[in-house]
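Please read the structure below before turning to the comments.
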Amino acid sequence: MAFDAAGAAGLEQFTLLAKNARGRACVALIQQVLSNKKLFVFRELLDMPNVEALKDSEHMEHYELLRIFSFGTYNDYLARKDELPDLTPQQMNKLRKLTNIPYDTLIQDLGVSTVREVEDILIDTIYSGLVQGKLDQKSRCFVVKYAVGRDTRHEDIDDMIQKLSNWKAQSAEICEKINTILTLAEKQEEEEWTREENIRSMMAARAGERGKGFASGAASLRSGEDFAMYAEAGPDEGRMFQVDVFYTAKTQPDYLDSALIAVLQIHLEEKTSNGSILVFLTGQEDIETLETLLEEYARSLPADALKLMVCPIFAAMPREQQMKVFEPAPAGVRKVILATNIAETSITINGVRYVVDTGLVKQRSFVASSGMEMLQTESVSKAQAWQRTGRAGREAPGICYRLFPEETFEQLPEPLEKLYALGALDNKGKLTKLGRQMAGLPVEPMYAVMLLKATELGCAEEALSVVAMLSVESIFYSPRDKKAEAAQSRARFVAYEGDQITLLNVFNGYIQCGAKQRNKWCRDHYVNHRAMTRVESVRLQLKGYLEKLELPIDSSFPDIDPLRKSIVAGFFLNTAMRSVTEGLGGSKTAYKTMCGRSEIVKVHPSSSLFMRNPPPKWVVYNELVFTSKHYIRSVLVIEKEWLVELAPTFFAKKNSSDK
Numbered sequence: 001m002a003f004d005a006a007g008a009a010g011l012e013q014f015t016l017l018a019k020n021a022r023g024r025a026c027v028a029l030i031q032q033v034l035s036n037k038k039l040f041v042f043r044e045l046l047d048m049p050n051v052e053a054l055k056d057s058e059h060m061e062h063y064e065l066l067r068i069f070s071f072g073t074y075n076d077y078l079a080r081k082d083e084l085p086d087l088t089p090q091q092m093n094k095l096r097k098l099t100n101i102p103y104d105t106l107i108q109d110l111g112v113s114t115v116r117e118v119e120d121i122l123i124d125t126i127y128s129g130l131v132q133g134k135l136d137q138k139s140r141c142f143v144v145k146y147a148v149g150r151d152t153r154h155e156d157i158d159d160m161i162q163k164l165s166n167w168k169a170q171s172a173e174i175c176e177k178i179n180t181i182l183t184l185a186e187k188q189e190e191e192e193w194t195r196e197e198n199i200r201s202m203m204a205a206r207a208g209e210r211g212k213g214f215a216s217g218a219a220s221l222r223s224g225e226d227f228a229m230y231a232e233a234g235p236d237e238g239r240m241f242q243v244d245v246f247y248t249a250k251t252q253p254d255y256l257d258s259a260l261i262a263v264l265q266i267h268l269e270e271k272t273s274n275g276s277i278l279v280f281l282t283g284q285e286d287i288e289t290l291e292t293l294l295e296e297y298a299r300s301l302p303a304d305a306l307k308l309m310v311c312p313i314f315a316a317m318p319r320e321q322q323m324k325v326f327e328p329a330p331a332g333v334r335k336v337i338l339a340t341n342i343a344e345t346s347i348t349i350n351g352v353r354y355v356v357d358t359g360l361v362k363q364r365s366f367v368a369s370s371g372m373e374m375l376q377t378e379s380v381s382k383a384q385a386w387q388r389t390g391r392a393g394r395e396a397p398g399i400c401y402r403l404f405p406e407e408t409f410e411q412l413p414e415p416l417e418k419l420y421a422l423g424a425l426d427n428k429g430k431l432t433k434l435g436r437q438m439a440g441l442p443v444e445p446m447y448a449v450m451l452l453k454a455t456e457l458g459c460a461e462e463a464l465s466v467v468a469m470l471s472v473e474s475i476f477y478s479p480r481d482k483k484a485e486a487a488q489s490r491a492r493f494v495a496y497e498g499d500q501i502t503l504l505n506v507f508n509g510y511i512q513c514g515a516k517q518r519n520k521w522c523r524d525h526y527v528n529h530r531a532m533t534r535v536e537s538v539r540l541q542l543k544g545y546l547e548k549l550e551l552p553i554d555s556s557f558p559d560i561d562p563l564r565k566s567i568v569a570g571f572f573l574n575t576a577m578r579s580v581t582e583g584l585g586g587s588k589t590a591y592k593t594m595c596g597r598s599e600i601v602k603v604h605p606s607s608s609l610f611m612r613n614p615p616p617k618w619v620v621y622n623e624l625v626f627t628s629k630h631y632i633r634s635v636l637v638i639e640k641e642w643l644v645e646l647a648p649t650f651f652a653k654k655n656s657s658d659k
């Protein structure tokens, strides 16, 4: 994306040759330039008089091809392929590289260490106007549509200077932030070093000790009730063995640090058994951090200790790597499984005798203070804690170490604010008629209200399809060698009204094919067939629940306004209004949430509404995503009047000033 000085210097010899080359000789020169492995800048050659003369000659297509290499994209070439010269494989690969940059290349060039940092930088540059493009997370690359360094023409210079001035004006603030980050990094490095030294000392001191009590410099635990007592009063999946539960005496300031110490103590003290240890963490980042620490300390274990085999598992991990957690540990080796809540109920791992529960989970939840549903780390429910405990007692008696005090467990909250806001509870906390109907649907409360409203508005068929599509991840996929074709195919489904209608278009296209043709349809349209099979199953189950409630299941298609209204009825708490805020590079479109405490958010680049111009005034969204900023995803365009119509008490009172 930056100006290629070496490439520009290499082009000079060709510009000299172009002064005397005409007609076919000029065409041959262009072919040499486009095949040169070291050249990626072509603007000066394009401006040469003899090259410009090709525009009005029989060789015009070669001039147009050079223009695409200079200012265009791989997609531009595909759109005009029939009228342009054929490319050699080398030229084709070169044109792709001009506009499809792998994340690994960006990580190296930008000097960062994670994909998340790369995506944060890319999103900032997109909003600043320096780059236009798309983050292809499936293929781990950035697809460039426009970049200042590559596509700037003479008439763009004034605008570019203005952008650079804006960057310069903010440089002092940015430098100050960088200094702050460096200071924090140095402090964190010092704390990490201190922590490592403490743990090494602890390991050395306790290597020869033995004891059933779970104690450490960070935590002192005491015995609680066993799982067998709970199993008598609650649901029981198969036979359960007794599981002893231990709690910390105090709240732990660093749950990762505590989990590390807990695993090492269990491993050093429980030498008579090589039972596996299952650790529940919040997500991939925590898992990878603890995995690195455990593997480092495993190299310093006493000679008589069992070896450690660390096995991470989380949803985004490739299936073949996930399967490693199910393989039995070799003799003389203890397996440590680092998992998210995927291991609570979704899978069963044999050989687990010890569970370490951080008591935390990352999930979408309703925050009363902001009136929004957010993806955040929070305490597990009591039911989740017992599910985790039960993983230690599937095959034999086990032990669960909870890294929080027993008082914390007894006070775990069960939030009701969202149910009240949706009308499922009255002001006395009792279920309303709507609440009883919602209880009959196995979906999140907002989706339940959406489905029930859809039965009233005569669009339940469409609502079932949308809810089922939103229940799965990765509907689309992009093969590395067919990214442009996949993007073009996906564009056929994009709806002006937003992401939910886009998903409905995909489902309708899929379902209209015969059952035997659907696999081929998915391949032709770069749609995940396994995900769509799951969508069919979820939709069928949800339809069965509506039928049990004896509710009408009708279709309003092609009229989609009833569907949009039903989504508003369920997700009015996730309403946002267009706002203009000052951001990097000038004034940029953002949205202000309308319920609870106002938040400034932006449309996520993965949304079909990200590049819409002009942006819609009012939207509702399904999900709020946090990186370095707040982004909304699964976004739908709505009419302001619908809010008063579908949530009159809430919006007539709160937003009467916005006419």
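Each residue of the sequence shown is one higher than the last, beginning at 1 in full-length UniProt numbering. In this text, a Cβ means the ideal position worked out from N, Cα and C, and glycines have one as well.
Span of the alpha helix (DSSP H) around Gly544: For the purposes of this step, residue 544 is taken as the residue at position 544 of the sequence shown. Taken as a continuous stretch (DSSP letters only), the alpha helix (DSSP H) holding Gly544 covers 529-548.
For Cys175, which of helix, strand or coil comes out of DSSP? Walking along the sequence shown from the start, residue 175 turns up at place 175. Correct three-state label for Cys175: helix.
If you check the beta carbons only, do Thr88 and Met48 fall under 8 Å apart? On the sequence shown, residue 88 is found 88 positions in, with the first residue counted as 1. On the sequence shown, residue 48 is found 48 positions in, with the first residue counted as 1. Not closer than 8 Å, so no.
Here's the rule: buried if 16 or more other CB atoms are within 10 angstroms of the residue's CB, otherwise exposed. What is Cys141? Taking the first residue of the sequence shown as 1, we reach residue 141 at position 141. Here Cys141 is buried. Its C-beta has 16 or more other C-beta atoms within 10 Å.
Which of the three DSSP states is assigned to Val41 in this structure? One-based indexing of the sequence shown puts residue 41 at position 41. The answer is coil: DSSP assigns Val41 none of H, G, I, E or B.
Starting from Ile121, follow the alpha helix (DSSP H) in both directions and report where the run begins and ends. Counting from one through the sequence shown, the residue named residue 121 turns up at place 121. It spans 115-128 - the alpha helix (DSSP H) in which Ile121 sits, taken as one unbroken run.
Quick one: what does DSSP say Ser579 is sitting in, helix, strand or coil? Locating residue 579 in the sequence shown gives position 579, where the first residue counts as 1. Ser579: strand per DSSP, three-state reduction.
Spatial distance of Glu296 from Thr289 (CA atoms): Here residue 296 is taken as the residue at index 296 of the sequence shown, counted from 1. Here residue 289 is taken as the residue at index 289 of the sequence shown, counted from 1. Inter-residue distance for Glu296 and Thr289 is about 11 Å (C-alpha atoms, whole angstroms).
Give a yes or no on whether the C-beta atoms belonging to Leu66 and Pro85 are separated by under 8 Å. Walking along the sequence shown from the start, residue 66 turns up at place 66. Walking along the sequence shown from the start, residue 85 turns up at place 85. In this structure, Pro85 does not lie closer than 8 Å to Leu66 by Cβ.
DSSP three-state call for Lys430: helix, strand or coil? Mapped onto the sequence shown, residue 430 falls at position 430. Lys430: coil per DSSP, three-state reduction.
Going by alpha carbons, who is nearest to Ile68 out of Arg96, Thr377, Gln90? For the purposes of this step, residue 68 is taken as residue 68 along the sequence shown, with counting starting at 1. Here the closest residue by C-alpha is Arg96.
So, does the segment 482-498 touch the segment 455-465, judging by three or more C-beta pairs under 8 Å? No, because fewer than three Cβ pairs between the segment 482-498 and the segment 455-465 fall closer than 8 Å, the two stretches do not touch.
What does DSSP give as the partner residues of Lys516 in its beta bridges? Along the sequence shown, one-based indexing puts residue 516 at 516. According to DSSP, Lys516 bridges with nothing at all.
Same chain, Cβ closer than 8 Å to Ala219, neighbours up to 5 away in sequence not counted: On the sequence shown, position 219 is the one that residue 219 refers to. Low confidence applies here, because Ala219 scores a pLDDT of 34, under 50, leaving its location unreliable; read the following figure in that light. Excluding sequence neighbours, Ala219 sits near Thr248, Ala249, Lys250, Gln252, Ser258, Ile261, Ala262, Leu403.
Report the rounded CA-to-CA distance for Leu360 versus Asp286, giving the unit in angstroms. Reading the sequence shown from its first residue, position 360 is the one you call residue 360. Reading the sequence shown from its first residue, position 286 is the one you call residue 286. So the two alpha carbons sit approximately 11 Å from each other.
Ordered along the chain, which non-local residues of its own chain (more than five positions away) have a Cβ less than 6 Å from that of Lys640? Residue 640 sits at position 640 when you count from the first residue of the sequence shown. Closer than 6 Å at the Cβ level, and outside the excluded window around Lys640, lie Trp618.
To the nearest angstrom, how far is it from the Cα of Ile121 to the Cα of Thr533? Here the question's residue 121 lines up with position 121 in the sequence shown. Here the question's residue 533 lines up with position 533 in the sequence shown. Going from the Cα of Ile121 to the Cα of Thr533 covers about 36 Å.
Roughly how far, in whole angstroms, is the beta-carbon of Asp634 from the beta-carbon of Asn622, given that I think they are within contact range, below 8 Å? What you label residue 634 is simply residue 634 of the sequence shown in a count that begins at 1. What you label residue 622 is simply residue 622 of the sequence shown in a count that begins at 1. The question names Asp, yet the displayed sequence has Ser at residue 634. The Cβ separation is near 4 Å, so the contact holds.
Assigned secondary structure, Ile181 (DSSP; H/G/I helix, E/B strand, else coil): Along the sequence shown, read from residue 1 onward, the residue named residue 181 stands at position 181. The answer is helix: DSSP assigns Ile181 an H, G or I state.
Within a Cβ cutoff of 7 Å, which residues of the same chain sit near Gln91, ignoring the five residues on either side of it in sequence? In the sequence shown, the residue the question calls residue 91 occupies position 91. For Gln91, same chain residues with a beta-carbon under 7 Å away, outside a window of 5 residues either side, are Leu34, Ser35 in chain order.
For Leu422, count neighbouring Cβ atoms within 10 angstroms of its own Cβ and tell me buried if that reaches 16, exposed if not. Here residue 422 refers to the residue found at position 422 when the sequence shown is read from its first residue. Burial check for Leu422: the Cβ neighbour count within 10 Å reaches 16 or more, so the residue is buried.
Arg480 versus Val143 - alpha carbon distance: As a working mapping, residue 480 is identified with position 480 in the sequence shown. As a working mapping, residue 143 is identified with position 143 in the sequence shown. Straight-line Cα distance between these residues: approximately 12 Å.
What separation, rounded to the nearest whole angstrom, lies between the Cα atoms of Cys311 and Ile107? Start at 1 with the first residue of the sequence shown, and residue 311 comes out as number 311. Start at 1 with the first residue of the sequence shown, and residue 107 comes out as number 107. So the two alpha carbons sit approximately 26 Å from each other.
Top-ranked residue by Cα proximity to Ile560, from Ser465, Lys602, Glu473, Leu546: Within the sequence shown, the letter at position 560 stands for residue 560. Minimum Cα distance to Ile560 is reached at Ser465.
Do the CB positions of Lys548 and Gly440 come within less than 8 Å of each other? In the sequence shown, the residue the question calls residue 548 occupies position 548. In the sequence shown, the residue the question calls residue 440 occupies position 440. In this structure, Gly440 lies closer than 8 Å to Lys548 by Cβ.
Return the chain-ordered ranges of every alpha helix (DSSP H) run that is complete within the segment 264-346 and spans a minimum of 4 residues. Counting whole runs of 4 or more residues, the segment 264-346 contains the alpha helix (DSSP H) stretches 284-298, 319-322, 342-345.
With respect to the beta strand (DSSP E) encompassing Leu135, which residues constitute its N-terminal and C-terminal limits? By 1-based counting over the sequence shown, the position of residue 135 is 135. Unbroken beta strand (DSSP E) run through Leu135: 131-136.
The beta strand (DSSP E) with Lys602 in it runs from where to where? Here residue 602 refers to the residue found at position 602 of the sequence shown. Start and end: 600-603.
Got a sec, what are the start and stop residues for the beta strand (DSSP E) Tyr103 sits in? Within the sequence shown, residue 103 is the residue found at index 103, counting from 1. Counted as a single uninterrupted DSSP element, the stretch harbouring Tyr103 is not any beta strand (DSSP E) but the alpha helix (DSSP H) occupying residues 103-110.
Tyr401 and Gly275 closer than 8 Å at C-beta: The residue labelled residue 401 in the question sits at position 401 within the sequence shown. The residue labelled residue 275 in the question sits at position 275 within the sequence shown. Taking 8 Å as the Cβ cut-off, Tyr401 and Gly275 do not qualify as a contacting pair.
Any idea which residues DSSP pairs Ala421 with across the strands? Indexing the sequence shown from 1 puts residue 421 at position 421. None, per the DSSP bridge assignment.
For Gly351, count neighbouring C-beta atoms within 10 Å of its own C-beta (all shown protein chains included) and say buried if the count is 16 or more, exposed if not. The residue you call residue 351 lines up with position 351 of the sequence shown. Buried is the call here.
DSSP beta-bridge partners for Gln363? Here residue 363 corresponds to residue number 363 of the sequence shown, with the count starting at 1. Bridge partners of Gln363: Gln376.
I'd like to check one pair, Phe650 with Phe572: are the Cβ atoms closer than 8 Å? Here residue 572 refers to the residue found at position 572 of the sequence shown. Here residue 650 refers to the residue found at position 650 of the sequence shown. Contact: yes.
By DSSP, does Val245 sit in helix, in strand, or in coil? The sequence position of residue 245 within the sequence shown is 245, counting from 1. Here Val245 sits in strand by DSSP.
One question on the structure: do Val245 and Val336 come within less than 8 Å of each other, judged by their Cβ atoms? In the sequence shown, counting from the first residue as 1, residue 245 sits at position 245. In the sequence shown, counting from the first residue as 1, residue 336 sits at position 336. Result no, Cβ atoms of Val245 and Val336 do not sit closer than 8 Å.
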